[in-house]
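In the numbering used here, the protein residues as written are -16 to 153.
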């Protein structure tokens, strides 16, 4: 992180490049075992040796934006972690370079199993509505519509992550 600008009202975090921002955020999302094959991702507690003071709050705000008005849930945390990991692995130069690979990264995070897609929809009935009808295409197959709806949500999350991290977060 190159710049931390602190004043009594806000703290801004700015990185050298988007890859560094993605890598730092990826390190802050860690997996916790909840027993019986049940793991989840969570945000590190604020600890100066692992996470800069105040940065946890900024990350938490970004995660809340990625939840798109849903209550915190494991699916969002898991997909945020996977999106961040995949973007960080690509090590691109700029936001535009990351946007060029956005389709592939988002597409790799869509559940392959139709039953998993339907379960995702059933977990939160509000997910059944498209935000943008252009994602629906001309399909009349429920399985393709479920995948398209999940893709739309992941696309929103990916764009939120890239845009907020590229501008620095506050």
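Think of the CB as a built atom: it goes at the ideal place given N, C-alpha and C, for glycine as much as any other residue.
Closest by C-alpha distance to residue 52, when choosing among 142, 119, 107 and 89: Considering only 142, 119, 107 and 89, the residue with the shortest C-alpha distance to residue 52 is 107.
Exposure of residue 83, with buried meaning 16 or more beta-carbon neighbours within 10 Å: Label assigned to residue 83: exposed.
Residue 93 (DSSP reduced to helix, strand or coil): In the structure shown, residue 93 sits in coil (DSSP, three-state: anything other than H, G, I, E or B).
Environment of residue 149 [buried if 16+ CB atoms lie within 10 Å]: With 16 or more Cβ atoms within 10 Å of its Cβ, residue 149 is classed as buried.
Residue 100 beta carbon less than 9 Å from that of residue 129: Contact: yes.
Alpha-carbon to alpha-carbon, residue 9 and residue 2: Going by the C-alpha atoms only, they are around 10 Å apart.
Endpoints, the alpha helix (DSSP H) within which residue 69 is located: Unbroken alpha helix (DSSP H) run through residue 69: 57 to 73.
Sub-9 Å separation of residue 94 and residue 103 beta-carbons: Their beta carbons are under 9 Å apart, which means residue 94 touches residue 103 by this criterion.
Exposure label - residue 26; buried when at least 16 CB within 10 Å: With 16 or more Cβ atoms within 10 Å of its Cβ, residue 26 is classed as buried.
Exposed unless 16 or more other CB atoms sit within 10 angstroms - verdict on residue 66: Residue 66 is buried by the Cβ-count criterion.
Burial state of residue 54 (16 or more Cβ within 10 Å): It counts as exposed.
Beta-bridge pairing of residue 14 - partner residues as DSSP gives them: For residue 14, DSSP records a beta bridge to 24.
Closest residue to residue 133 among 11, 33, 0 and 86 (Cα-Cα distance): The alpha carbon of residue 133 has as its nearest neighbour, out of 11, 33, 0 and 86, the alpha carbon of 86.
Minimum C-alpha distance to residue 125 - residue among 111, 137, 138 and 135: Checked all of 111, 137, 138 and 135; the closest Cα to residue 125 is 111.
Expected contact under 8 Å - CB spacing of residue 138 and residue 48 to nearest Å: The pair is not a contact, with the Cβ atoms about 14 Å apart (cut-off 8 Å).
Which of helix, strand or coil DSSP assigns to residue 35: DSSP places residue 35 in coil when its eight states are reduced to three.
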